[in-house]
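> My questions all concern the structure below.
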Amino acid sequence: MKKDPARIDRLFAAARLAIRDEQVAASAAKDDAPPSDEHGGKTLSEEEFAAAVAAELNAVRTNPQSYIPYLEAMLTQFSGNILTIPSEGIRLQTEEGPTAVQDCLVFLKAHQPVDYLVLEPNMSKAAVDHALDLGNNGAVSHTGSDGSTMVGRLEHYGEWKGSIGELLAFGLCRPRNVVLQLLVDDGVPTRGDRMSLMDNKFKSVGVGFHTHKFQKFVCVLDFAGGFGALVDKLTTAKLVHARGEITSDVELVLQSIPFDELKIEVREVLTNAPQKSVSLNYKPGSIEVTVTNPDGSSQIKSGTWGVADAAQ
Numbered sequence: 001m002k003k004d005p006a007r008i009d010r011l012f013a014a015a016r017l018a019i020r021d022e023q024v025a026a027s028a029a030k031d032d033a034p035p036s037d038e039h040g041g042k043t044l045s046e047e048e049f050a051a052a053v054a055a056e057l058n059a060v061r062t063n064p065q066s067y068i069p070y071l072e073a074m075l076t077q078f079s080g081n082i083l084t085i086p087s088e089g090i091r092l093q094t095e096e097g098p099t100a101v102q103d104c105l106v107f108l109k110a111h112q113p114v115d116y117l118v119l120e121p122n123m124s125k126a127a128v129d130h131a132l133d134l135g136n137n138g139a140v141s142h143t144g145s146d147g148s149t150m151v152g153r154l155e156h157y158g159e160w161k162g163s164i165g166e167l168l169a170f171g172l173c174r175p176r177n178v179v180l181q182l183l184v185d186d187g188v189p190t191r192g193d194r195m196s197l198m199d200n201k202f203k204s205v206g207v208g209f210h211t212h213k214f215q216k217f218v219c220v221l222d223f224a225g226g227f228g229a230l231v232d233k234l235t236t237a238k239l240v241h242a243r244g245e246i247t248s249d250v251e252l253v254l255q256s257i258p259f260d261e262l263k264i265e266v267r268e269v270l271t272n273a274p275q276k277s278v279s280l281n282y283k284p285g286s287i288e289v290t291v292t293n294p295d296g297s298s299q300i301k302s303g304t305w306g307v308a309d310a311a312q
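Below you can see the structure in the form of structure tokens.
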């Protein structure tokens with residue numbers, strides 16, 4: 001799961017619109033213009049913007065070298081560490097300047113194609129919820145103003161599978177520019193956003209976009225190994241054993257417990273460690289998870305929560 005919370009403190013500086021380009025920033029009305037397509041044509045609806053971002057993501061994922069011309073063009077738009085983006089009408093103060101773009105070029109030239117992402121409307125609903133919250137409150141965080149997490153927002157609309165991740169992009173309103181910002185990943189030594197965009201374990205994506213109180217725009221991208229309809233939660237005890245796959249019974253238990261990190265850990269083990277077995281002992285108000293290693297050793301995690309009295 002690539003939430004990368006350590007990056008949050010850097011986002012204001014990285015996405016800050018530090019210097020206006022006087023020649024292209026004609027008016028405040030233009031600054032607040034809704035997103036347009038890559039050719040400066042019609043204004044995009046929320047759904048069209050999400051589809052356009054997904055199309056750009058799939059272009060670079062299925063043909064990494066197709067993005068090389070855009071990065072090469074970006075190199076010509078630097079003056080020191082200041083990047084001019086004519087299509088946005090802005091200039092940005094970057095941390096690394098051309099170095100991060102050159103690093104991305106090397107990365108894409110060597111990268112093999114990965115799977116196509118399916119744009120999931122219900123994942124986009126979760127992403128839109130967070131974009132609205134961030135934009136209206138002027139926040140830069142993976143945690144909502146109500147304390148909501150990425151897991152909770154996604155599970156409000158459906159059932160996620162495998163791994164999940166969330167990326168935030170600020171200051172830009174063109175779909176391709178959003179993807180380029182995350183791909184270049186200026187100022188982040190690990191290039192966590194870039195790695196997430198090109199990670200083959202992600203198969204589904206949701207996109208949310210909104211104006212931002214301080215950063216002009218915010219785009220939220222939620223990723224998952226898969227996404228499906230909501231499932232009913234358990235009301236009685238259930239013991240489940242699994243190895244190497246996330247069965248429907250495992251999903252049922254995980255959807256019935258309120259511990260986000262534990263859900264993620266169980267899914268990671270069953271997806272990435274087929275030699276380990278997992279037992280989930282669910283009772284209304286409690287869960288005990290046992291992970292057994294090939295050598296017979298095991299780790300146990302448990303938790304409890306309040307449940308309503310059925311007699312009340």
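Counting along the sequence shown from 1, when you hit position 153 you're at 153 in this note's numbering, and nothing is skipped either side.
Glycine included, C-beta positions come from ideal geometry on N, C-alpha and C.
1. Tell me which residues share the same chain as residue 61 and place their Cβ nearer than 8 Å to its Cβ, disregarding the 5 neighbours each side in the sequence.
2. Among all the DSSP beta bridges, which residues are the ones paired with residue 289?
3. Enumerated in chain order, which unbroken segments of the beta strand (DSSP E) with a length of 3 residues or greater are wholly contained in the region 195–239?
4. Among the candidates 90, 129, 288 and 269, whose CA atom is the shortest distance from the CA of residue 149?
5. Between residue 100 and residue 52, what straight-line distance do the alpha-carbon atoms span, to the nearest angstrom?
6. Please classify residue 236 as buried or exposed, where buried requires at least 16 other C-beta atoms within 10 Å of its C-beta.
7. So if DSSP puts residue 118 in a beta bridge, which residue, or which two residues, is it bridged to?
8. Could you tell me how far apart the beta carbons of residue 231 and residue 159 are, in whole angstroms, since I believe they sit closer than 8 Å?
9. I need the DSSP call for residue 163, collapsed to helix, strand or coil.
10. Just the C-alpha distance for residue 257 and residue 229, rounded to the nearest angstrom, thanks.
11. Going by DSSP, which residues form a beta bridge with residue 241?
12. Under 8 Å Cβ to Cβ from residue 85, same chain only, skipping five residues before and after it: list those, please.
13. Starting from the C-beta of residue 277, find all residues in its chain whose C-beta is less than 8 Å away, skip the five residues before and the five after it, and write them out in chain order.
14. Just reading off the alpha helix (DSSP H) that residue 191 is part of, what are its end residues?
15. Measure the beta-carbon distance from residue 119 to residue 59 and round it to whole angstroms, keeping in mind my assumption that it falls under 8 Å.
16. Answer with buried or exposed for residue 189, where buried requires no fewer than 16 other C-beta atoms within 10 angstroms of its C-beta.
17. Contact between the region 201–218 and the region 129–138: three or more CB pairs below 8 Å?
18. Identify the residues that DSSP records as bridge partners of residue 100: which are they?
19. Should residue 64 go down as buried or exposed, given a rule of 16 or more other Cβ atoms within 10 Å for buried?
20. In whole angstroms, what is the alpha-carbon distance linking residue 97 and residue 192?
21. Is the beta carbon of residue 161 less than 7 Å from the beta carbon of residue 226?
22. Residues bridged to residue 107 by DSSP?
23. Output yes or no for whether 7 Å exceeds the beta carbon distance between residue 44 and residue 71.
24. Out of 287, 151, 154 and 194, point me to the one whose CA is closest to residue 300's CA.
25. Under 6 Å Cβ to Cβ from residue 260, same chain only, skipping five residues before and after it: list those, please.
26. With a CB to CB cut of under 7 Å and the five nearest residues on each side skipped, what residues in its chain are close to residue 201?
27. Tell me the rounded alpha-carbon separation between residue 143 and residue 123.
28. Identify the continuous alpha helix (DSSP H) that holds residue 267 and give its terminal residues.
29. Over what stretch of residues does the alpha helix (DSSP H) that includes residue 172 continue unbroken?
30. Less than 7 Å between C-beta atoms, sequence neighbours within five positions excluded: which residues of the same chain meet that for residue 80?
31. Note down, in chain order, each residue of its chain lying with its Cβ closer than 6 Å to the Cβ of residue 95, except the 5 sequence neighbours on either side.
Walking through what the data contain:
1. 113, 114, 115, 116, 117, 197 and 198
2. In DSSP, residue 289 forms a bridge with 280 and 301.
3. 204–212 and 216–228
4. 129
5. Straight-line Cα distance between these residues: approximately 25 Å.
6. Counting of Cβ neighbours within 10 angstroms places residue 236 among the exposed residues, the total staying below 16.
7. 204
8. 5 Å
9. Strand.
10. 17 Å
11. DSSP lists 279 as the bridge partner or partners of residue 241.
12. Result list for residue 85: 77, 91, 92, 172 and 177, in chain order.
13. Correct list, in chain order: 241, 242, 243, 291 and 292.
14. Taken as a continuous stretch (DSSP letters only), residue 191 belongs to no alpha helix (DSSP H), as it is neither H nor E.
15. In fact, because the Cβ distance is near 13 Å, the residues do not count as touching under 8 Å.
16. exposed
17. yes
18. Residue 100 pairs with nothing; no bridge assigned.
19. buried
20. Rounded to the nearest angstrom, the gap between the Cα atoms of residue 97 and residue 192 is 18 Å.
21. yes
22. According to DSSP, which records beta bridges pairwise, residue 107 is partnered with nothing at all.
23. no
24. In this structure, 287 is the residue among 287, 151, 154 and 194 with its C-alpha nearest to the C-alpha of residue 300.
25. 149 and 151
26. 162, 163 and 225, listed in sequence order.
27. A straight-line Cα-Cα distance of about 16 Å links residue 143 and residue 123.
28. Where residue 267 is concerned, the enclosing alpha helix (DSSP H) stretches over 260–272.
29. Judged by DSSP secondary structure, residue 172 falls outside any alpha helix (DSSP H); it is assigned neither H nor E.
30. 97
31. For residue 95, where only same-chain residues beyond five positions count, the Cβ hits under 6 Å are 186 and 187.
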